[in-house]
Each structure stands twice: as structure tokens, then as C-alpha cells.
Amino acid sequence: MRILHTSDWHLGRSFHRESLLAGQAAFVDHLVETVRAERVDVVAVAGDVYDRALPPVDAVALLDEALARLRAAGARVVLISGNHDSALRLRFGSALFDAAGVHVRTSPEQSWEPVVVDDVAFYGIPYLEPELVRAAWELPDRSHTAAISHAMGRIRADAGRHRAAVVLSHCFVIGGQASDSERDISVGGVAYVPLSAFDGVDYVALGHLHGRQRMSETVRYSGSPLAYSFSEAGHVKGSWLVTLGGEVEFVPAPVPRPIGRLRGALDELLTEPRHAAYEDHWLQVTLTDAVRPKSAMERLRARFPHTLALSFDPVGAVPAAQHARVSGRPETEVALDFVREVRGEPAAPEEETLLRQAIEASRVKETMA
1 MRILHTSDWH LGRSFHRESL LAGQAAFVDH LVETVRAERV DVVAVAGDVY
51 DRALPPVDAV ALLDEALARL RAAGARVVLI SGNHDSALRL RFGSALFDAA
101 GVHVRTSPEQ SWEPVVVDDV AFYGIPYLEP ELVRAAWELP DRSHTAAISH
151 AMGRIRADAG RHRAAVVLSH CFVIGGQASD SERDISVGGV AYVPLSAFDG
201 VDYVALGHLH GRQRMSETVR YSGSPLAYSF SEAGHVKGSW LVTLGGEVEF
251 VPAPVPRPIG RLRGALDELL TEPRHAAYED HWLQVTLTDA VRPKSAMERL
301 RARFPHTLAL SFDPVGAVPA AQHARVSGRP ETEVALDFVR EVRGEPAAPE
351 EETLLRQAIE ASRVKETMA
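Residue numbers are given in full-length UniProt numbering: position 362 of the sequence shown equals residue 362, and the series is strictly consecutive.
Structural data, given as C-alpha cells:
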């Protein structure tokens, strides 16, 4: 039995307002090619298929295409909902999909009802909001540990009927390393789940954390197929190819555009030859100039056209003292003080003139209102 473990597609997501749909489509192409080349039996998608509960139509179209192509390539698909998905919307048509070999599991009560493929049982535990299952499952407390432990207890009681058991789950296992792009799931209860909660099964395909991680030999996060924040600049994206009872290997995914972080003074960034490798990257740039350079973004994009985020951290800057009293001071004086503080130098005469004109215009508008 060969399983391709993937998760956190986040179809419909953008990256600092840049569309990722083409990159996500390229990842689907890669998955289909991998299924054919590696003779994958089951593709396990461990949640966060969409980026939001009401996905855009092009994201829905891409999922429709992906499921059809994976099935045509010869793999069954087992898919669960994550905390970004609408369980109800993702569940639409699932009873019909089952007959076609695409198994969508979004209901908590389905967690211990396996999809059986060649006597291997696949149990899909969708993202469980503890408060929603606490009463029905008579949980001892409002926590993710209690919810997952209950589901896993039911699964272990059933799994002995089959030659192997695989669990899909969307949660935060203790010891996992988070990225900036994951949504906090602590609302409604303690967010973390101990690794021991997943004892007793042959493989656990985890979703939620966006970096690939091996929690144990049989419990892993595949991570997201693309980088969704600059904190993931060092990640290698892809999927786990699992041979039950055998090896587990990582299959890297294509990189539509690499991401990176640069830090330094503007003139150094624009002239240093060693930065040439970043000219095709999506970039997050931190400028360390003592005085904030004018037109910094425009100048950066002359060399690095895909700069998306810009911040300032002046070298030697002293934390600002408590702001001077604002009440009773002229608006222009307050505005000029603000410019001086954020830039590190006073406004130029022409800028001061523009500020005075803008403040006067707003004052006139208020009078006429």
C-alpha cells in the first residue's frame, strides 16, 4: 500500500496580494504525476483544502479538477476538513463522491467510520472544535486533547478488524513548529495535543502546521505545498510518500517563485553582487539605514522587482521616548514631529508645505460640513 500524504492546500489564498492560483495548479499537476510515477494507491489530504469557509469560484474549480485527475490517475482520495474549511460546504456531494472513490470526511461522528482500501482502514478526523463535540461526546474538559483522545479511542477499538490503520487529523501536536501563516486554533479550548494521543495505529497523516515535520516515525506533518508567509523561507515543500510497513520518503514540490528575506542598508542591497540570487524572489526587506531612505520601495524594485514587504529597523536607533503631549498643540506641529520620528530627519520644505495645505483643507471641509 502506497500513500501520498499532503495537506494545507489553502486553495484561493494569496501571498501579499499576489495570486497563488497558478502555483497551486502546478502543485496539482505535480501530485497527479507523482501518483502515476509512484503507483500511489491513496492520496490522503489532511485538511485546510480551502483558505476560507467561502472559497472563490476559481479555487472550487481547481479542487474539482484535482479530485477528478487524481482519481483518473488511479488513486483513491481520502480528504478531511481543516479549521479554514467550512465542513458543511466541503461535505456537499460526499455520499456520491464515495461511490467514485473520493472520500470526504468532515463530520466528527465519521471519525471512527473507516474508508477501507485493500483491508487498510483510513480514519478521517476532521478539525474538531472542542466546544461543538463536548456535550455529545461527554468530554471531561474543553480541549483539543480531550476531543482527539475520544476519537482515537473509538478508532483503536475498531482498527483491529483490519490489517493496518491510517489516521488523518488536523490539529497542533505538542512539539510541532508553527509558521506565521497558520491560524490560531486555541479559541474554544487548549490547542495542543500530545503525540501519545495517536498511539496504536500504523501511520498518522497530520495537517495544520505548514512546515514538513516528523513527530515520530509514524506521525508526520506534510506541510503546505507552497510558502504562505516569509517565515517559511527555509522550508522545502512537498508530500510524504508512505509505503506501509516500509520506507517513508519526502517528494519535493515545484517552486513557482522562491521567497526570501533581505536585511541591510539600501545602498548596500542595491549594489552588493551577492544579492543577485534574490532578484527573482518574492522578498521581505528590512532596511537598517539610520535615516529612512526616500522612495525606498521604488528603488528596491528597480533591482528586486518582486519585493512585497518593506520594514525599517534603523541601526543604533534608540526606542522612542514617551510621546510629547498632543492635546492643545497645533496639528501641523504634531504631524511634523511624527514625520521626524518615523523617518529620522525633518520633513523637507516642500513636504511641510503639503502637510500644511492638507491640514488646512481638512479644516475647511469640516467647517463646511
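C-beta: ideal position from N, C-alpha, C; glycine also. Note that the structure is predicted; figures quoted are calculated from it, not measured.
- Under DSSP, Leu206 forms a beta bridge with Ser169, Tyr221.
- Assigned with DSSP and collapsed to three states, Ser94 falls in helix.
- By the neighbour-count criterion, in which 16 or more other beta carbons inside 10 Å mark a residue as buried, Arg183 falls on the exposed side.
- Nearest to Val133 by C-alpha distance, out of Phe122, Val115, Ala157, Ser107, is Ser107.
- Counting only runs of 3+ residues, the beta strand (DSSP E) found wholly inside the UniProt domain "Nuclease SbcCD subunit D C-terminal" (256-333) occupies 259-264, 282-287, 307-312, in chain order.
- By the beta-carbon neighbour count (other beta carbons within 10 angstroms, threshold 16), Ala44 is buried.
- In this structure, Ser86 keeps its C-beta atom at 8 Å or more from the C-beta atom of Ser222.
- Residue pairing for Phe198: DSSP places it in no beta bridge.
- Between Pro126 and Asp158, the C-beta gap is not smaller than 8 Å, which leaves the two residues out of contact.
- For Val236, the secondary structure class from DSSP, reduced to helix, strand or coil, is coil.
- Burial check for Gly74: the Cβ neighbour count within 10 Å stays below 16, so the residue is exposed.
- According to the DSSP secondary-structure assignment, His103 is paired through a beta bridge with Val78.
- In this model, Val251 and Trp240 are separated by some 6 Å (Cα to Cα).
- Leu67 sits close to Val102, with the two beta carbons spaced by under 8 Å.
- In summary, Glu232 is buried, with 16 or more beta-carbon neighbours lying within 10 Å of its beta-carbon over all protein chains present.
- In terms of Cα proximity to Ala265, the closest of Val291, Arg329, Tyr192, Leu168 is Val291.
- When C-alpha distances from Ala227 are compared across Val204, Pro258, Ser169, the shortest belongs to Pro258.
- Pairing Leu283 with Gly207, the inter-Cα distance amounts to about 27 Å.
- Counted as a single uninterrupted DSSP element, the beta strand (DSSP E) harbouring Glu249 occupies residues 248-252.
- In this structure, Asp313 and Thr288 form a Cβ contact; the two beta carbons are roughly 6 Å apart against a cut-off of 8 Å.
- In the three-state reduction of the DSSP assignment, His150 falls in the helix class.
- DSSP places Ala135 inside the alpha helix (DSSP H), whose first and last residues are 130-137.
- One Cα belongs to Ala361, the other to Glu351, and the distance between them is close to 15 Å.
- For Phe122, no alpha helix (DSSP H) encloses it; the enclosing beta strand (DSSP E) starts and ends at 120-125.
- Leu310 has its alpha-carbon roughly 11 Å from the corresponding atom of Glu298.
- By DSSP's assignment, Thr243 forms a beta bridge with Arg2.
- The secondary-structure analysis by DSSP pairs Arg214 across a beta bridge with Arg220.
- Around the beta carbon of Ser19, fewer than 16 other beta carbons sit within 10 angstroms, so the residue counts as exposed.
- In the displayed model, Val45 falls within a strand according to three-state DSSP.
- Take Arg154, set aside five residues on each side of it, and the residues of its chain with a beta-carbon closer than 8 Å to its own are Ser111, Trp112, in chain order.
- When the five nearest sequence neighbours on each side are left out, the beta carbons in the same chain lying within less than 6 Å of the beta carbon of Ala164 are those of Val120, Asp202, Leu244, in order along the chain.
- Considering only Arg39, Glu345, Val334, the residue with the shortest C-alpha distance to Ile359 is Val334.
- Counting only the Cα atoms, Ala147 lies some 11 Å from Tyr192.
- Between Leu128 and Ala151, the C-beta gap is smaller than 8 Å, which places the two residues in contact.
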